[in-house]
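**Q**
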Amino acid sequence: MFGWFKGEEKPPIDPKQFHIPEFYRGTNGPLIKVLETHDDYEVRLYEKTQWVSSKSPPGEFMGAFWRLYSYIGGKNDQGKKMDMNMPVRMYIKLSEEDEDGSKVDDFVVSFFLSSSLLPELPKPTDEQVFLEQEERRVTYVANFSGMATGKDWKDSRKRLMAALDRDGKRYVAKEYFSAGYDPPYKLWNRRNEMILIADPQPELDEDESTDNRDMFELSRNTGDCSVYRVFDVQTNHLRFKAYFVQKMFSWFKGEEKPKKDTSEFHYPDFYNGSIGPRFKLLDSDEDYETRIYESTKWVSTDMETSDYGDAMSKGFWKLFGYIGGKNETKSKVAMTIPVRGTVTQHEGETKSVVTSFFVDQSKDCPAPTEETVFVKEESEEVKVYVRNFGGFAKDHSYKENLQALKDSLDRDGKCYVTGVYFTAGYDPPFKLWGRRNEVYVQAASENTD
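Just so you know, the sequence shown maps onto residues 5 to 453 in our numbering.
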């Protein structure tokens, strides 16, 4: 391994043996063996795998996704938190009458589960979530890039079937898998895969199927796990570990990073290299900070609602469509941080929730094409009081921290604007630990000098 740091090449992956492919980028996922490679598809043998899955009405992906995400976040009988693996997979079974890929009978979303969780896989506590184990099988796989739409998946399936028909390959016609390998905010170099199952399955030698690895057995219906050998893939993490060793050594260049002057406008360390609004840090108390933000620009959408979470979710996807190309120039815009919510309380439970993405003012800002999405510049500097907290933030956690912030400000005799507050989230949904959330209010009756 240390030879790699001396200019020597990394040992090449043999695709004819079970391996973790490079496009996993160090993340855990199913082991594959490439049996054939063609211009428009490849023939793969997948090793025995285990998945956590949730069935959903056709096309209702996000509900199933969040159920699975809750499972790996600790909603299981062990209260165990698990890493997000790849891919996020969808199983689609079409009706016998289907002609164009539109009539769906079954729609199942799945997350891959690492064998390191054996011998006792955590059992779901949500009755809509279940465990699956799949035997090894040969598949035909075509990949394509971009932000995949329903039409893209249908077109990819048609192309793959045409290529297989051309080459005399037989496959299951009314079932397929789609696999995504990237978080939703990644706009470029995305990888999507269309997977068809070989039918009939070819005969394989026992040593070819196991590759000296051990297997396990799992009941799809009950989730009970019966282990007769432990699946050990530690050696397959060597490349992953070496990558981080290499990254670690790159930090030791004999120079310290220059310290930021937080009293001037700056990007804080918790942005982790992402672009967001710059601010001056005036004061940092035990339970809140005082900041001045410079003038900013935001792309936003608003909703009158009693449900903060629903408004932020719907607003996020509208704005995500905007940065994904739903704008007058059809251009993709880089994701920034934070995702901001502006909450204005009205009478009763009704409130106005404005969801916003920060706009990098050094880049072009195309006009939205959707009527409910708008761009607004906040030209004045603004002084705010900010409280941060961790975990997965819900409406109640923002309210609790807002009240704690107000209590601290009242204690210290600080004046602030009432009736409106701001929320800020800095992390993608699959980040389980070290999350950062903020709630803040605007200072009142004070200028920013």
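All residues carry an ideal CB built from backbone N, CA and C; glycine is no exception.
What does T305 pair with, by DSSP beta-bridge criteria?
**A** T359, V377
**Q** Let's test the definition: count the other Cβ atoms within 10 Å of the Cβ of N32 and tell me whether it reaches 16, buried, or not, exposed.
**A** buried
**Q** Any idea what DSSP makes of E136, helix, strand or coil?
**A** strand
**Q** On a CA-only basis, which of Y45, S267, D416, K301 is nearest L286? Give me that one, please.
**A** Ranking Y45, S267, D416, K301 by Cα distance to L286 puts S267 first.
**Q** Beta-carbon within less than 7 Å of K264's beta-carbon, same chain only, minus the 5 sequence neighbours each way: which residues are those?
**A** Apart from sequence neighbours up to five positions away, the residues of its chain that approach K264 with a beta-carbon distance below 7 Å are H270, ordered along the chain.
**Q** According to DSSP, simplified to helix, strand and coil, what is M88?
**A** coil
**Q** Reducing DSSP to helix, strand and coil, say where N80 ends up.
**A** strand
**Q** Quick check: what's the CA-CA separation for E259 versus D44?
**A** Residue placement at E259 cannot be trusted, given a pLDDT of 44 that sits under 50; what the coordinates show is reported in the next sentence. Cα to Cα, E259 sits roughly 48 Å from D44.
**Q** Where are the alpha helix (DSSP H) runs, 4 residues long or more, that stay fully inside the stretch 139-206, in chain order?
**A** 154-170
**Q** Under 6 Å Cβ to Cβ from W157, same chain only, skipping five residues before and after it: list those, please.
**A** S182
**Q** Please report the distance separating the alpha-carbon of K380 from that of Q54.
**A** 47 Å
**Q** Which one or two residues does DSSP pair with S114 in a beta bridge?
**A** S114 has S57, R93 as its beta-bridge partners, per DSSP.
**Q** Buried or exposed: Q462, going by 16 or more other Cβ atoms within 10 Å of its Cβ?
**A** The structure shown does not extend to residue 462, since the chain is modelled only from 5 through 453, so no value can be given for it.
**Q** Is I24 helix, strand or coil by DSSP?
**A** coil
**Q** Quick one: what does DSSP say R415 is sitting in, helix, strand or coil?
**A** In this structure, R415 counts as helix in the three-state DSSP scheme.
**Q** On the three-state DSSP scale, how would you describe F65?
**A** helix
**Q** Go ahead and pull the three-state DSSP assignment for G325.
**A** helix
**Q** To the nearest angstrom, report how far apart D289 and P272 are at their CA atoms.
**A** 17 Å
**Q** Figure out for me which residue from V108, I199, A166 has the closest Cα to the Cα of L49.
**A** I199
**Q** With 16 as the cutoff for other CB atoms within 10 Å, does V390 come out buried or exposed?
**A** buried
**Q** Could you say which of M90, D109, R93, P91 lies nearest to S99 if we only look at CA atoms?
**A** Checking every option, the nearest Cα to that of S99 belongs to D109.
**Q** Can you list, in chain order, the residues of its chain whose CB lies under 7 Å from that of F2, leaving out five sequence neighbours each side?
**A** The structure shown does not extend to residue 2, since the chain is modelled only from 5 to 453, so the question has no answer here.
**Q** Which residues share a DSSP beta bridge with I36?
**A** H23, Y50
**Q** On the DSSP letters alone, give me the boundaries of the beta strand (DSSP E) that T31 sits inside.
**A** Note, T31: premise wrong, no beta strand (DSSP E); not H, not E.
**Q** Which one of G184, E375, G67, T340 has the shortest CA to CA distance from T153?
**A** G184
**Q** For a quick check, are the C-beta atoms of S299 and S401 less than 9 Å apart?
**A** no
**Q** Compare the Cα-Cα distances from D291 to each of N392, N331, D87 and report the closest residue.
**A** N392
**Q** What is the rounded straight-line gap between the Cα of G1 and the Cα of R295?
**A** Residue coverage of the chain in this structure runs from 5 to 453, which leaves residue 1 outside it and unanswerable.
**Q** Going by DSSP, name the residue or residues bridged to S383.
**A** For S383, which the question treats as bridged, DSSP gives no partner whatsoever.
**Q** Tell me the rounded alpha-carbon separation between A448 and V386.
**A** So the alpha carbons of these two residues sit roughly 10 Å apart.
**Q** Counting pairs of beta carbons, one from the stretch 358-375 and one from the stretch 394-409, are three or more of them closer than 8 Å?
**A** no
**Q** Alpha carbon to alpha carbon, how far is E124 from S58?
**A** When rounded, the separation of the alpha-carbon atoms in E124 and S58 is 20 Å.
**Q** Check N405 in the structure and name its three-state DSSP category.
**A** When secondary structure is reduced to three states using DSSP, N405 falls in the helix class.
**Q** Using a 10 Å radius around the Cβ and a threshold of 16 neighbouring Cβ atoms, would you call K257 buried or exposed?
**A** Model confidence at K257 stands at a pLDDT of 41, short of 50, so the residue's coordinates are unreliable and nothing is read from them.
**Q** Less than 9 Å separating the beta-carbons of Y28 and I96?
**A** no
**Q** Roughly how many whole angstroms lie between the Cα atoms of L415 and Q407?
**A** Sequence inspection shows Arg at residue 415; the Leu mentioned does not correspond to that position. Going by the C-alpha atoms only, they are around 12 Å apart.
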